[in-house]
Structures are given as C-alpha cells and as structure tokens.
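Read through the structure below, which is laid out as structure tokens, and then see the notes.
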Amino acid sequence: WRGDEAVLGELMLHLVKQGQAARAKSYLRAADVRFRKTDLFDFLELLLALPMGEPVSDRNVTAWRRLERSLPVAEPLLLGLDYNAMMAMSVRLGHFIEARVAGQQAISCCREDGHVYLEHFIHILLADLDVIEGRLHRAERGLAQAGVSYSNEDALIEVIRSAIAYERGDLEHIRREADGLRTSQLGGDSWSELFFQLARIAVLSA
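Numbering (our numbering), first residue to last: 169 to 374.
Printed below as a string of structure tokens:
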C-alpha cells in the first residue's frame, strides 16, 4: 500500500467498513508512502472525515466539489461515493435539499455500477434524513426500499425506527431497544450521525 495510492484507498475503505476509522487515518498519515499524491488522496482524506465525526464546513464542501470535477465520468462507483459523501456533509451543514439531491445521484451511480450494497446503504441514510425533516411516513417507505441487510445494518435500520418512534412519542420502544443497539454500533459499523441520533433519543426518553 505504501507504493500504490489506489491500494491504500481500498485498504482505508475496508478498515472504515470494519469500524476502524482511526486505524485507517493512521495509514493516510504515514510519512513513508512512495507514490505521488493525487486528487484521490484528498478525496480519501475528506471521505474519512465523515465516519470519524470530524467537523464539516462550507470550505470542505467547496474542496469536495473541486475534487468532483476531476473524477472520471466513466467511473460510476467513484462518482457514487462522491455523491454519498456530499450528502453526508450537506446533512451536517443543514443543507437538506442538496443532501437529498446528492443521495439520489449516489443511488443512480451505484445502480448503474451494480453495487446493490451501496445503494442499500444510501437508502438508509435518506430515511434518516426524512426523520430529521419530520417526514416519518417517507422514512418508513425508505427503510422498506433499503431491502435486505448485509452486515449489522439491521441494527442501523432499527436506530432509525427508534427515531421514528421517538418523534411519535413511543418512548417505551426506545427504552427496550437502546442498550442493544448502542452495543451493536460500538461493535460493528458505526456511522457517527446515526450513533448520535441513537444517543440523543435514548437520553431524552430515559
């Protein structure tokens, strides 16, 4: 990986998927890489900032859009990852319309490239956005569209269902589910936005 930027990127994405974002960041910070850093490296740094829960600013969005212009149109998966990250950043900044547009673009790219798992992942994020906007019925439809579970996404989906229950005043559902879901998030995939959502509703419904 020290001699190939693309291999480093694959390793980093694998570690993030395993819930080891901090370890992935240590690889990106390695001083003894032997390749010339390109826009891909900047792309990976920004992509890693999201699961690490690092602050996002309008400057980050501007940098991301600059990188997007350099991505090859013939690589729908790379474009899909780009749109997915743009969606997450837009949500953090409260730009919900832009987030939804980016999410739909990400789904189109993943579908074109045949990446069912990533499409499933984005449907879950869109459902979380629906909860933030108070569109609870649409959130439930989005979870149904997400389809099958691939890893511990069944727990992630349950986090959003718990958020829907909280918004509807069903606090007993959250008291039953919160501890098990929190453990699942710590032990597997841990998307910072969804973990914070879980923490918020668990505290407020205690």
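For every residue, glycine included, the Cβ atom is placed at its ideal position computed from N, Cα and C.
- prompt: Counting Cβ pairs, one atom from each stretch, are 3 or more of them under 8 Å apart for the region 242 to 253 and the region 278 to 291?
  reply: yes
message: Using a Cβ-Cβ cutoff of less than 6 Å, which residues in the same chain neighbour Leu176 once the five nearest sequence positions on both sides are dropped?
response: Residue numbering aside, residue 176 sits at position 8 when the sequence shown is read from its first letter. Contacts found: Trp169.
task: Select from Arg268, Gly221, Leu214, Leu208 the residue whose C-alpha is nearest the C-alpha of Glu243.
output: Along the sequence shown, one-based indexing puts residue 243 at 75. When the alpha-carbon of Glu243 is set against those of Arg268, Gly221, Leu214, Leu208, the nearest one is in Leu208.
- prompt: For Leu239, which residues from the same chain have a beta carbon less than 7 Å from its beta carbon, with the 5 sequence-adjacent residues on both sides left out?
  reply: Stepping through the sequence shown from its first residue, residue 239 is reached at position 71. The residues Leu246, Leu247, Asp250, in chain order, have a CB closer than 7 Å to that of Leu239 in the same chain once the five nearest residues on each side in sequence are set aside.
Proximity winner among Leu339, Glu173, Ser194, Ala189, relative to Phe203 (alpha-carbon distances): Numbered from its first residue, the sequence shown carries residue 203 at position 35. The candidate whose alpha carbon is nearest that of Phe203 is Glu173.
query: When burial is assigned at 16 or more other CB atoms within 10 Å of the CB, is Glu326 buried or exposed?
result: Indexing the sequence shown from 1 puts residue 326 at position 158. By the 10 Å Cβ count, Glu326 comes out buried.
message: Less than 7 Å between the beta carbons of Ala253 and Val259, yes or no?
response: Here residue 253 is taken as the residue at index 85 of the sequence shown, counted from 1. Here residue 259 is taken as the residue at index 91 of the sequence shown, counted from 1. Going by C-beta atoms, Ala253 is not nearer than 7 Å to Val259.
query: Rounded to a whole number of angstroms, what is the C-alpha to C-alpha distance between Arg303 and Met220?
result: Taking the sequence shown and counting its residues from 1, the one referred to as residue 303 is at position 135. Taking the sequence shown and counting its residues from 1, the one referred to as residue 220 is at position 52. The straight-line gap from Cα to Cα measures roughly 27 Å.
- prompt: Taking the runs of the alpha helix (DSSP H) that are 4 residues or longer, which of them lie wholly in the region 245 to 312?
  reply: Correct list: 264 to 281, 284 to 300.
- request: Go ahead and pull the three-state DSSP assignment for Ser317.
  value: Residue mapping note: residue 317 aligns to position 149 of the sequence shown, counting from 1. Bear in mind that the predicted position of Ser317 carries a pLDDT of just 47, short of 50, making it too unreliable to give a figure here.
query: How about Asp298 and Arg306: are their beta carbons less than 7 Å apart?
result: Position 130 of the sequence shown, counted from the start, is the residue given in the question as residue 298. Position 138 of the sequence shown, counted from the start, is the residue given in the question as residue 306. Against a cut-off of 7 Å, the Cβ pair of Arg306 and Asp298 comes out as a contact.
- request: Under the assumption that Met180 contacts Leu216 (Cβ atoms under 8 Å), give the Cβ distance between them as a whole number of angstroms.
  value: Sequence index remark: in the sequence shown, residue 180 carries index 12 (1-based). Sequence index remark: in the sequence shown, residue 216 carries index 48 (1-based). Rounded, the Cβ-Cβ distance is 7 Å, consistent with contact.
task: Using only alpha-carbon positions, find the residue among Phe211, Ser276, Val184 that is nearest to Arg234.
output: The residue you call residue 234 lines up with position 66 of the sequence shown. For Arg234, the nearest C-alpha among the options comes from Phe211.
message: Quick check on Leu218: buried or exposed, where buried means 16 or more other Cβ atoms within 10 Å of its Cβ?
response: Counted from its first residue, the sequence shown places residue 218 at position 50. Classification of Leu218: buried, given that the 10 Å Cβ count is 16 or more.
message: Am I right that Ile328 and Leu311 are in contact with their C-beta atoms under 8 Å? What's the rounded C-beta distance?
response: To locate residue 328, count along the sequence shown from 1; it is residue 160. To locate residue 311, count along the sequence shown from 1; it is residue 143. Right, their Cβ atoms sit about 6 Å apart.
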